[in-house]
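Residue numbers (the working numbering): -5 to 413. By construction, the Cβ of each residue, glycine as well, lies at the ideal position given by its N, Cα and C atoms. Working notes for the structure below.
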Ligand SMILES: *Cc1c(COP(=O)(O)O)cnc(C)c1O
């Protein structure tokens, strides 16, 4: 068996691999423990290369017992060599991991949900649920529909229109809470004590969070079995960053790469930067705060894995940085106009921080830098609508078009207008 069980990250007490996420003794978070010797003996690059073109090509390192049953098309998204944006930032080897086109719901959350729901079914659950900042609810709703599981999703009441619609259309029970994500999460922890449901990011969290490792595996495989010098990762709960670090190390333990020394850089919005603040102030603890930012998918004021993300950043020699909402929008437009990728606000945070770090001289021109673009811009249209202007509207006549073109050319030859 590749899964040995669960173990507390703090006191190291062990548990069976059931639906449990906190240590009964010290309240530390639980993590899946694997039999790496067994996995290593049965896994090779060739085996991975022969696997499906989805995250399930790494099934051997994921916490499920049987074959995958949910989210069969998740993962294995494009890795883009961003030459235009790289030129702009002085980087010859800038790569973007494009999870804006992930299956089924256009965000990185399709990865964690594929693993969580497969495991939830193995553990015998027929109702699934989550506390979400938006994308997780979309991913759970769609995957639950495809697996025909009963589904409840809990979201803050003030989410973007497309993120709410992106739940309702799959017909789960959608519960909007009059409060922020941290309120939603607190309520869901209480509900999960009362109802025998699989809350993917609460009682199923040890399995769910492992799905994020697949971003690290794909990075290494798609870079030709090399590890990047730097990664820039958006932080909400801090799980994604922590698990990318774990994924790199696991591929080293498997013997697929050596000398992993990637600097991990964390990206947050200034209106919700509990990890970046702790980093800047050289604190050993995360101070919870009330989020206020357009980057709603990252708006967690009391991040469950914040302290582990902070430790991973520090021990890698990386940075945690934050950008303003204005810089988030600039980042979204820069990414779209330079690379043809329309990312959501979280992508704007990542690109904004990437740009900031590049300006600070944190990267060498010849170093390999990977930035994680985790969600799709069509879900957060409100954020960029005021900044993009409107189309030219003309009568259906050639002369009308010619007149318009003259104006376009005058505008293009004059210096860009400030907004
Ligand atoms: C959830 C989310 C993240 C970060 O996830 P954590 O693992 O909670 O840090 C990043 N980007 C997007 C778009 C997300 O929805």
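Euclidean distance between Cα positions of residue i and residue j
i, j, result
"residue 403", "residue 332", "21 angstroms"
"residue 227", "residue 7", "30 angstroms"
"residue 356", "residue 389", "51 angstroms"
"residue 90", "residue 70", "13 angstroms"
"residue 33", "residue 57", "12 angstroms"
"residue 440", "residue 100", "Only positions -5 to 413 of the chain appear in this structure, which leaves residue 440 out of reach."
"residue 107", "residue 205", "8 angstroms"
"residue 413", "residue 381", "Bear in mind that the predicted position of residue 413 carries a pLDDT of just 44, short of 50, making it too unreliable to give a figure here."
"residue 303", "residue 273", "10 angstroms"
"residue 3", "residue 17", "9 angstroms"
"residue 117", "residue 13", "8 angstroms"
"residue 301", "residue 328", "31 angstroms"
"residue 393", "residue 270", "55 angstroms"
"residue 62", "residue 397", "59 angstroms"
"residue 31", "residue 212", "22 angstroms"
"residue 180", "residue 236", "22 angstroms"
"residue 387", "residue 395", "9 angstroms"
"residue 234", "residue 248", "21 angstroms"
Local Cβ density within 10 Å of residue i, reported as buried at 16 or more and exposed below that
i, result
"residue 426", "Nothing about residue 426 can be read from this structure; the chain reaches only from -5 to 413."
"residue 267", "buried"
"residue 144", "exposed"
"residue 262", "buried"
"residue 51", "buried"
"residue 290", "buried"
"residue 48", "buried"
"residue 189", "exposed"
"residue 244", "buried"
"residue 155", "exposed"
"residue 407", "exposed"
"residue 417", "No information on residue 417 is available, as it lies outside the stretch -5 to 413 that the chain covers here."
"residue 360", "exposed"
Residue closest to residue i, alpha-carbon to alpha-carbon, out of the options
i, options, result
"residue 292", "316, 182, 207 and 52", "316"
"residue 279", "296, 288, 290 and 322", "296"
"residue 169", "163, 311, 125 and 154", "125"
"residue 0", "93, 27 and 67", "27"
"residue 376", "-2, 153 and 38", "153"
"residue 73", "95, 54 and 62", "95"
"residue 186", "174, 156, 146 and 225", "146"
"residue 141", "156, 160 and 119", "119"
"residue 425", "284, 277 and 36", "There is simply no residue 425 to check, as the chain begins at -5 and stops at 413 in what is shown."
"residue 175", "319, 298, 320 and 358", "298"
"residue 67", "92, 105, 76 and 319", "105"
Residue i vs residue j beta-carbon contact at 8 angstroms
i, j, result
"residue 230", "residue 127", "yes"
"residue 59", "residue 98", "no"
"residue 112", "residue 163", "no"
"residue 191", "residue 122", "yes"
"residue 207", "residue 253", "no"
"residue 222", "residue 347", "no"
"residue 288", "residue 322", "yes"
"residue 338", "residue 383", "no"
"residue 210", "residue 310", "no"
"residue 103", "residue 373", "no"
"residue 36", "residue 54", "yes"
"residue 415", "residue 172", "Only positions -5 to 413 of the chain appear in the structure, and residue 415 is not among them; the question remains open."
"residue 282", "residue 265", "no"
Residue i at chain B interface by Cβ criterion, 8 angstroms
i, result
"residue 134", "Within the model displayed, chain B is absent; a lone protein chain is all it includes."
Check: residue i C-beta below 7 angstroms from any heavy atom of ligand 3
i, result
"residue 229", "Here the bound small molecules are ligand 1; ligand 3 is not part of this structure."
Any chance the region 252 to 268 sits against the region 189 to 196, with 3 or more Cβ pairs inside 8 angstroms? By the C-beta criterion, the region 252 to 268 is judged not to be in contact with the region 189 to 196, since fewer than 3 inter-stretch pairs fall below 8 angstroms.
With three or more beta-carbon pairs closer than 8 angstroms as the criterion, would you say the region 336 to 355 touches the region 200 to 207? In this structure the region 336 to 355 does not touch the region 200 to 207; the number of beta carbon pairs closer than 8 angstroms is below three.
Evaluate contact between the region 127 to 135 and the region 207 to 224, counting only Cβ atoms and requiring at least three cross-stretch pairs below 8 angstroms. These segments do not touch.
Could you tell me whether the region 80 to 95 touches the region 34 to 53, using the rule of 3 or more Cβ pairs below 8 angstroms? Counting C-beta pairs closer than 8 angstroms gives fewer than three between the region 80 to 95 and the region 34 to 53, which falls short of the contact rule.
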